[in-house]
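*Asks:* One structure, pasted below without further comment.
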Amino acid sequence: MLTPTAGWWSWPPSGPGWPRTRLAEAEREPSSEREVKLSAAPGFNLPDLNLATEGVTAASEQEARLETAYWDTADLRLARWGVSLRYRARAGWTLKLAGSASDGMLVRPELHFSGPARTVPRRALDLLQGYVRSGQLQPVARLSTWRRRVLLERAGQRLAEVVDDEVSVLEGRRVAARFREVEVELFPGGDEILPSLLASLRTAGAGEPDPTPKHVRALGPAAQRPPEAAPPQLGREPTAGEVVRRALAEAVTLVLSHDLGIRLAGRPEDVHQARVGTRRLRSHLRTFRPLLDRDWADALRDELAWAADELGAVRDQEVLLDRLQGHLALLPAEDRKAGKYICARLAAAADESRTALRATLAGKRYADLLERLVAAAESPLLAGQHESPALKVLPALALKPWVELRAGMRNLQAESPNEDLHACRILAKRARYAAEAVAPAMGPAAERFARAVSALQTVLGEHQDCVTASRWLRRQAGAGRRAFAAGELAARELAEAEKARAAWPKVWRRLDRPKLRAWLKA
């Protein structure tokens, strides 16, 4: 790995050719970068990019020297998670989030910050806390790039930008490595010219699309290792402990991979997935307790219960708001204003809950929990028969939550209280999580079983969501037109609850078949 050396901060230089982007005084709005990277040989020359047949012209060409420092932890956690933090002279700080790559195109959200070169902006540190935790950010790579930039337009509309970068990887004043790449960044409306543009570049000698970021290429294999807490690959005959470790790692990865999204904007899907991750972890620690150190597992479950409650306070309001907004169009026209007011009150409460959640995530207690989760994913405290073959040990452990679910479902009646259906939903979730956890070792039979349990969980969950919504509406009814609108919305929720109540027996019969659960007695 490259390390900072004397003279690291002897720049930025000044002079003609340097970017002179005016720095904002605060964090700028998030944007999304869409680009295709192609490798290029040292002797590569950009072709003529005037695509006459498509009315595209090369509107401007510029050249500049870019001096960039990338920051990360000593073990390169950000790079391994697909995240980057850089300072570029005269352009400021840029945080690029993990993105997605499809057909060679890399799509990444990015944020920009002002601030001095030697101090990471406070907001960037806050956003990255889930990855950094007790670690420290430091400069890990310095790149000096000579960039040739061509802007492509059609009738005054920017469609794409092509840059030809000659990159020098610096260690102090020494050039440690060099490479060259071409980037095509697309703007709105530019997708249609991408095939022709790539064909021109490939004909001129550019290589295949390669989404690897510059700093990852500079840092080498260490930056391309799997992220921390990555689920381990299982062999053909894994031990019970190996399967449990993989299940824990998958759930921890779910929590960590959605952490930044919650801190950034409290996005509903990120909150949902992080909550699912905490619930899976609690379920795994319960199901596989015979294979774990009991004190260690119970203590971790207690902290996860706290985290799940914090996430749940937001998620429950988001689910409720989504349901009620979906019903607004069904209200009589004269009641929609009152219905919108009810939803607006709920939306305001949800915003307050998201703010409180972000404050919780910024605290030491949550940071400590994340450290414990990473340790649990990488080195769980195993006990009991964890070294025995998975096929011998795991079916019996996955059987227990199924037995509990079956007992609960067989006690249900057509008119059972709502609380009993909710209790069975929780049992179904445990049985599903157990089956999904052992499926990598137990095979397709466990996967089919998990899907069937998931169907039951879904219908019972729909019932519970309806009941929860109707209760909330009763509490918020107020008086006058708003009370009437709340009553109409509550009536719709209760009608949906009755549909779910009528549906669960059929779903249960599909699940409660000897053939479907035969693998549990293997």
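Under my numbering, residue 1660 is the last one in the sequence shown; the count climbs by one each step, no gaps. Cβ atoms here follow ideal geometry from the backbone N, Cα and C, with glycine treated the same way. For clarity, every value in this text was computed on a predicted model and none was experimentally measured.
#1: Using a threshold of 9 Å, state whether the C-beta atoms of R1483 and Q1614 are closer than that.
#2: How many angstroms separate the CA atom of R1401 from the CA atom of H1410?
#3: Could you pull the DSSP bridge partners for G1230 from this structure?
#4: Is DSSP giving R1287 helix, strand or coil here?
#5: Which residues in the same chain as S1177 place their Cβ atom closer than 6 Å to its Cβ, once the five residues preceding and following it in sequence are excluded?
#6: Based on DSSP bridge pairs, tell me the residues matched to K1502.
#7: Terminal residues of the continuous beta strand (DSSP E) containing W1209?
#8: Buried or exposed, going by whether 16 or more other CB atoms sit within 10 Å of the CB of Q1455?
#9: Which one or two residues does DSSP pair with H1560 in a beta bridge?
#10: Leaving aside the five residues before and after T1498 along the sequence, list all residues of the same chain whose C-beta is less than 7 Å from its C-beta, in chain order.
#11: Quick check on the burial criterion: 16 or more other C-beta atoms within 10 angstroms. Buried or exposed for E1163?
#12: Looking only at C-alpha atoms, which of P1582, R1405, V1390 sits nearest to L1495?
#13: Based on Cα-Cα distance, which residue from A1624, R1510, I1564, E1509 lies nearest to A1476?
#14: Please report the residue range of the beta strand (DSSP E) in which S1177 lies.
#15: Compute the Euclidean distance between the alpha carbons of P1259 and L1632, then round it to the nearest angstrom.
#16: I think P1370 touches E1380, with their Cβ atoms under 8 Å apart; what is that distance to the nearest whole Å?
#17: For P1428, tell me which candidate among E1509, D1397, V1531, A1638 has the shortest Cα-Cα distance.
#18: For D1241, does the count of other Cβ atoms within 10 angstroms reach 16, so buried, or fall short, so exposed?
#19: How about L1535 and K1659: do their beta carbons lie closer than 9 Å?
#20: Would you kindly work out how many angstroms separate the C-alpha atoms of A1469 and A1621, rounded to a whole number?
#21: Check each candidate in R1287, P1333, A1593, L1281 and name the one with the smallest Cα separation from A1314.
#22: Return the first residue and the last residue of the alpha helix (DSSP H) that L1189 is part of.
#23: Name the DSSP bridge partner or partners of Q1295?
#24: Just to confirm my understanding: we take P1518, look at its own chain, exclude 5 residues before and 5 after, and list those with CB closer than 6 Å. What are they?
#25: Cutting at 6 Å between CB atoms, please list the residues of its own chain near L1161, excluding the five before and the five after it.
#26: Could you tell me whether the region 1391–1401 touches the region 1266–1278, where touching means 3 or more Cβ pairs closer than 8 Å?
#27: Ends of the alpha helix (DSSP H) at F1622?
#28: Around the C-beta of S1222, are 16 or more other C-beta atoms found within 10 angstroms, so that it is buried, or is it exposed?
#29: Would you mind giving the Cβ-Cβ distance between V1194 and R1292, rounded to the nearest angstrom? I have them listed as a contact below 8 Å.
#30: Cα separation between E1636 and A1566?
#31: Can you grab the Cα-Cα spacing for the pair A1515 / R1374, in whole Å?
#32: I think T1206 touches R1224, with their Cβ atoms under 8 Å apart; what is that distance to the nearest whole Å?
#33: In whole angstroms, give me the CA-to-CA distance for A1656 and E1472.
*Replies:* Considering the structure as presented:
#1: yes
#2: 13 Å
#3: R1226
#4: strand
#5: E1319, G1345, D1348
#6: DSSP output for K1502 lists no bridge partner at all.
#7: 1195–1210
#8: buried
#9: DSSP lists no partner for H1560.
#10: E1448, Y1504
#11: Unreliable positioning characterises E1163 in this predicted model, as indicated by a pLDDT of 35, which lies under 50. The coordinate reading is nonetheless provided below. Under this definition E1163 is an exposed residue.
#12: R1405
#13: A1624
#14: 1169–1177
#15: 50 Å
#16: 7 Å
#17: V1531
#18: exposed
#19: no
#20: The question names Ala, but residue 1469 in the sequence shown is Leu. Using only the alpha carbons, I get a separation of about 13 Å.
#21: L1281
#22: No alpha helix (DSSP H) holds L1189; DSSP gives it neither H nor E.
#23: R1292
#24: R1383, L1386
#25: Unreliable placement is indicated for L1161, whose pLDDT of 38 sits below 50; no coordinate value is reported for it.
#26: yes
#27: 1618–1649
#28: buried
#29: 5 Å
#30: 20 Å
#31: 21 Å
#32: 5 Å
#33: 56 Å
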